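Student: Taking this note's numbering, the leading residue of the sequence shown gets 4, the next gets one more, and so forth.
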Amino acid sequence: MRSIATAVLAIWLAALSGGAQETKPHVVLHTQLGDIELELDAVHAPATVANFLRYVNGGFYAGGAFSRTVTMQNQPSNDIKIEVIQANINPARKAEAFPNIPLERTSVTGLHHLDGTISMGRSASPDSAASEIFICIGDQPSLDFGGRRNPDGQGFAAFGQVVRGMDVVRKIQVSPAEKQKLTPPVGISGAEVVKAQAGKK
């Protein structure tokens, strides 16, 4: 499965870069509150990166939004608390969504849910990641493999890091919300692969 995912990733990245495969592609999310630039780890999480890039390059995030904020105050029923913001693709394009992908566990990738980590949302089944993404605010070890935020202990698939725009991430987290639902959602006008600027963090 991993070799297939790596091959798929190579095809996608070669198409994006004119034939030169990139191992750390950068993607910018354009939100109503500012840009968030991500550096993706295609070496350690190839299937998850390939999945995210096909949504990015298919224009699925244009018209999407950050719709959920999880803070220390709005999860009273959770014994294990986290801090994240979560985004979805344009709801009008859900029927076009790709099949779910297998979970790339952090025990395999070696990646962790740290401050600014981007990861794939999932449902009760581990192999259910599709297009929902979330960004961590602060280190969130309970989202790694073996963590207990999800009862099955399988964790979530971390696949990159915010390299610019954590101030935007924090603005989104503290935006008006009813419980965990942002009111209104913070819109995403688009997402695009960009050339990494040397030395920029």
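Here a beta-carbon is modelled for each residue, glycine too, at the ideal position from N, C-alpha and C.
All figures in this text were calculated on a predicted structure; none of them were measured in a lab.
Is it right to say M123 is buried, meaning 16 or more other beta carbons lie within 10 angstroms of its own, or is it exposed?
Tutor: Reading the sequence shown from its first residue, position 120 is the one you call residue 123. Flag for M123 reads buried.
Student: What is the DSSP secondary structure of S145, counted as helix, strand or coil?
Tutor: The residue given as residue 145 occupies position 142 in the sequence shown. Note: S145 maps to helix in three-state DSSP.
Student: If I follow the unbroken alpha helix (DSSP H) through K174, where does it start and stop?
Tutor: As a working mapping, residue 174 is identified with position 171 in the sequence shown. That run of the alpha helix (DSSP H) goes 169 to 176.
Student: According to DSSP, what are the bridge partners of I85?
Tutor: By 1-based counting over the sequence shown, the position of residue 85 is 82. None, per the DSSP bridge assignment.
Student: Shortest alpha-carbon distance to H47 belongs to which of S131, G158, H115?
Tutor: Translated into positions along the sequence shown, residue 47 becomes position 44. If we check each option's Cα against that of H47, H115 comes out closest.
Student: Which residue spans inside the region 91 to 157 form an unbroken beta strand (DSSP E) run of at least 3?
Tutor: Entirely contained in the region 91 to 157, the beta strand (DSSP E) runs reaching 3 residues are, in chain order, 120 to 123, 136 to 139.
Student: Which residues share a DSSP beta bridge with G61?
Tutor: Against the sequence shown, residue 61 aligns to sequence position 58. Note: G61 sits in no beta bridge, so no partner.
Student: With C-beta atoms as the reference, is G61 less than 8 Å away from N93?
Tutor: As a first step, residue 61 is located in the sequence shown; it is residue number 58 there, counting from the start. As a first step, residue 93 is located in the sequence shown; it is residue number 90 there, counting from the start. No, they are not a contact pair.
Student: Could you pull out every residue in the same chain whose Cβ sits closer than 8 Å to the Cβ of D38, ignoring the five residues on either side in sequence?
Tutor: Reading the sequence shown from its first residue, position 35 is the one you call residue 38. Once the five neighbours on either side are set aside, the close Cβ partners of D38 are V31, L32, R167, G168, V171.
Student: Tell me whether the region 150 to 163 and the region 192 to 200 touch, counting them as touching only if at least three CB pairs, one residue from each stretch, are closer than 8 Å.
Tutor: Cβ pair count under 8 Å is below three, so no.
Student: So E195 is in the beta strand (DSSP E); what residue range does that whole segment cover?
Tutor: Here residue 195 is taken as the residue at index 192 of the sequence shown, counted from 1. E195 -> beta strand (DSSP E) spans 184 to 197.
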